[in-house]
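Scroll down for the structure; my scribbles are underneath it.
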DNA sequence: ACTTCCACGCGAACCGGTTCGACAAGCCGG
DNA sequence: CCGGCTTGTCGAACCGGTTCGCGTGGAAGT
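Residue numbers (full-length UniProt numbering), protein chains in the order written: chain A, 1 to 339; chain B, 1 to 339.
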């Protein structure tokens, strides 16, 4: 079951078997066929560990994702799935690492023990010690999201600033004047989560530009928090007629809160935001939102990483995506505000 | 940065360094301290590939999950997360393999190239060629779900038969007489998906036992399919007053269909089923359902696999879980059927 | 017939760990 | 004073591949 056994049966040396299989040196057609036949018969496959040791490449990429403390979102799942599939298409396996911080044991294992050739980082923060650490080491990695200093790195990201602004303009165009912003949990915002930060930023700037009256909220990643958040919004300003959210998991709760308050969507109240389309279509009425192309982002991230692995001297490349707003059924013209 | 370098700096042999770090043979306190100091200074970590080659263990487990063709469900995500965390607690990494069938390339890589010490199989079918293949090879694995011949294998599973039956009894106790069953997509049922098959089975038997009039449906894994399915249900038998579903992803669509049809939940129509609690709490009104303990299952699966890896001769162990129905707000007594 | 060249294949070294057998030094009891 | 035992360390072999340099035999060239 090892290469020596194949060599013995074929009556050739181990190196010849290696060359026959890798094609890195010419081998006569006869011996190549003989070797191939034996390999097929025995179902021989070379050991990944031995190969990795010999040529220094593991054919594995690490996917660093946040620990379970945060609830997972549907977007993350689509993302993981597409990364694994795209990696398989390039003959890479995917090793999962549930890492928060750079000092994390699991993260150290990936790098220190050289288990992976490169890494994809999810859930980027504006100041991200993992990203900085990898960059300092020159370790091949691609970030999903932009840090505060993105120019020199490889990344695939959504332009959250532009997306939040697009939502604001959409609502303003419909005549809404008092709009709330429902962000991810406060803890994520404080620790500098890029989507939460840039989204808030884009929302605030665009709202100022359009002269809207706004309030911004942080909201836990679950339905109950969403419902509570909506109650606060209507309590703080009952004249609010629309909201923008980045918080998928709270969406159901927001809807529930609106139903409880007797606000009909979209007649009395408009809802929009940035959400994976699977979620946008699950709620009733379906959410008008900028659809997060999670699967495409996963694929792009793998493509970028593979390119970086193949050409270690290649200059950084980036993809900054701005998906359009899909018009569904949750927004409409502003009516007469209830007071 | 390799063990020879450490040995050189400490003025000892490579084997001494190895023993000092692993503790498999006694090393004098002096030399151990000297070696440890150098290791700490240099931040040395042994190469995973070399270690795996030498001792035949990769410290990695494979997680075989379905390819993206199927939509992922929230349950799967919780599951993956908990597996990764539980594995990390046992000092194992997790390698993802998006495999459907036994002949799959990615699956072959896991086994043939000996990338993993053991595997966890998700999305089990009653006749599962992957599970049989692994069993035939004696390869350490734990299934999430039961095949048709479960007695000799290691698994963690829900008792879908009992859960579906519990839903039926719950509805029957509330006085419902005409009940629909909304299953996973037909293609999954036909290919022998165990949750779809056993759930259908448990539903049918329990309904017969209670003398209910039932209809069973397959439904695509998305909101639009759920809505369409509900329309068919009311079209086929407008007197239907309740449904049981296993289909998380269709749930939002089912609710939407009910709203469109003017059926109020739970006054006019009761909904229950087997669903991860995160989803059950997202819809309005919150779903009375048997909550799938995905995170717990992931943890148990890893525990079982680690036990099997540590004691290769251990007899098979299983966990068959029957979570209780969480009473929320989506079921109520049967009213007068609308005709 | 004698070089020249090329195509093929071989042996050995190497990747970076682990592990086994052996050996030296120190201590003990007889 | 000598044999036996323990403790600590070393050298070498091994895991299963890849890769480099060299040797050989046959065909081609003059």
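Don't be surprised by glycine CBs; every beta carbon is placed ideally from N, CA and C.
Contact list for residue i against chain A, beta-carbon separation under 8 Å
i: residue 47 of chain B; result: 53, 113 and 114
i: residue 317 of chain B; result: Simply none; closest approach about 25 Å.
Neighbouring residues, chain B, relative to residue i (Cβ below 8 Å)
i: residue 76 of chain A; result: 77
i: residue 210 of chain A; result: Those do not exist, as residue 210 of chain A stays about 31 Å from chain B at its closest Cβ, beyond 8 Å.
Residue i: contacting residues in chain B (beta-carbon distance under 7 Å)
i: residue 58 of chain A; result: 49
i: residue 119 of chain A; result: Chain B residues near residue 119 of chain A: none, gap ~13 Å exceeds 7 Å.
i: residue 33 of chain A; result: Under the 7 Å cutoff, chain B gives no residues; its nearest Cβ is about 21 Å from residue 33 of chain A.
Environment of residue i [buried if 16+ CB atoms lie within 10 Å]
i: residue 127 of chain B; result: exposed
i: residue 322 of chain B; result: exposed
i: residue 277 of chain B; result: buried
i: residue 260 of chain B; result: exposed
i: residue 316 of chain A; result: exposed
i: residue 270 of chain B; result: buried
i: residue 339 of chain B; result: Because residue 339 of chain B carries a pLDDT of 47, less than 50, the predicted location of this residue cannot be relied on, and the following value inherits that uncertainty. Exposed, since its Cβ has fewer than 16 Cβ neighbours within 10 Å.
i: residue 29 of chain A; result: exposed
i: residue 372 of chain B; result: Residue 372 of chain B is absent from the structure shown; chain B starts at 1 and stops at 339.
i: residue 41 of chain A; result: exposed
i: residue 320 of chain B; result: exposed
i: residue 211 of chain B; result: exposed
i: residue 187 of chain B; result: exposed
i: residue 1 of chain A; result: exposed
i: residue 324 of chain B; result: exposed
i: residue 213 of chain B; result: exposed
i: residue 262 of chain A; result: exposed
i: residue 43 of chain B; result: exposed
Simplified DSSP state of residue i, which is helix, strand or coil
i: residue 124 of chain B; result: coil
i: residue 338 of chain A; result: Low confidence applies to residue 338 of chain A: its pLDDT is 47, below 50, so where it sits in the model is not reliable enough to give any reading.
i: residue 168 of chain B; result: helix
i: residue 90 of chain B; result: coil
i: residue 83 of chain B; result: helix
i: residue 322 of chain B; result: coil
i: residue 152 of chain B; result: coil
i: residue 261 of chain B; result: coil
i: residue 218 of chain A; result: strand
i: residue 329 of chain A; result: coil
i: residue 312 of chain B; result: coil
i: residue 250 of chain A; result: helix
i: residue 278 of chain A; result: helix
i: residue 287 of chain B; result: coil
i: residue 62 of chain A; result: strand
i: residue 255 of chain B; result: helix
i: residue 57 of chain B; result: coil
Partners in chain B for residue i, counting only beta-carbon separations shorter than 9 Å
i: residue 95 of chain A; result: 60, 93, 94, 95 and 96
i: residue 135 of chain A; result: In chain order: nothing, as chain B lies at least about 18 Å away.
i: residue 223 of chain A; result: 278, 281, 282, 283, 284 and 286
i: residue 130 of chain A; result: Neighbours of residue 130 of chain A on chain B: none; closest Cβ ~16 Å, over 9 Å.
i: residue 388 of chain A; result: Residue numbering for chain A in the displayed model covers 1 to 339; residue 388 of chain A lies beyond these limits and cannot be assessed.
Chain A residues whose Cβ lies nearer than 7 Å to that of residue i
i: residue 106 of chain B; result: 88
i: residue 9 of chain B; result: In chain order: nothing, as chain A lies at least about 18 Å away.
i: residue 190 of chain B; result: Correct list: empty, because the minimum Cβ distance to chain A is about 23 Å.
i: residue 328 of chain B; result: By Cβ distance, chain A contributes nothing, its closest Cβ being about 11 Å from residue 328 of chain B, past 7 Å.
i: residue 267 of chain B; result: By Cβ distance, chain A contributes nothing, its closest Cβ being about 15 Å from residue 267 of chain B, past 7 Å.
* Interface positions of the segment 281 to 299 of chain A facing chain B (Cβ-Cβ less than 9 Å), listed along the chain -> 281, 282, 283, 284, 285, 286 and 295
* Should the segment 117 to 126 of chain B be regarded as contacting the segment 193 to 201 of chain B, the criterion being three or more beta carbon pairs within less than 8 Å? -> Here the segment 117 to 126 of chain B lies against the segment 193 to 201 of chain B, with 3 or more beta-carbon pairs under 8 Å apart.
* Check each residue of the segment 247 to 261 of chain B: if its Cβ is closer than 8 Å to any Cβ of chain A, include it; give the result in chain order. => 249, 251, 252, 253, 255, 256 and 259
* Counting pairs of beta carbons, one from the segment 241 to 253 of chain A and one from the segment 318 to 335 of chain A, are three or more of them closer than 8 Å? -> yes
* To do: Decide if the segment 58 to 66 of chain A is in contact with the segment 7 to 20 of chain A; the criterion is three or more beta carbon pairs, one per stretch, under 8 Å apart.
  => By the criterion of at least three beta-carbon pairs nearer than 8 Å, the segment 58 to 66 of chain A is not in contact with the segment 7 to 20 of chain A.
* How about the segment 88 to 99 of chain A and the segment 148 to 167 of chain A: do they share at least three Cβ pairs that are nearer than 8 Å? -> no
* **Touch test, the segment 171 to 184 of chain A against the segment 132 to 146 of chain A, Cβ-Cβ under 8 Å, three pairs minimum** => no
* Given 8 Å, three or more beta-carbon pairs between the segment 219 to 227 of chain A and the segment 163 to 180 of chain A -> no
* Asked: Which residues, in chain order, does the segment 175 to 201 of chain A contribute to contact with chain B at a C-beta distance below 8 Å?
  -> none
* Asked: Are the segment 71 to 81 of chain B and the segment 51 to 58 of chain A touching, with three or more C-beta to C-beta distances below 8 Å?
  -> no
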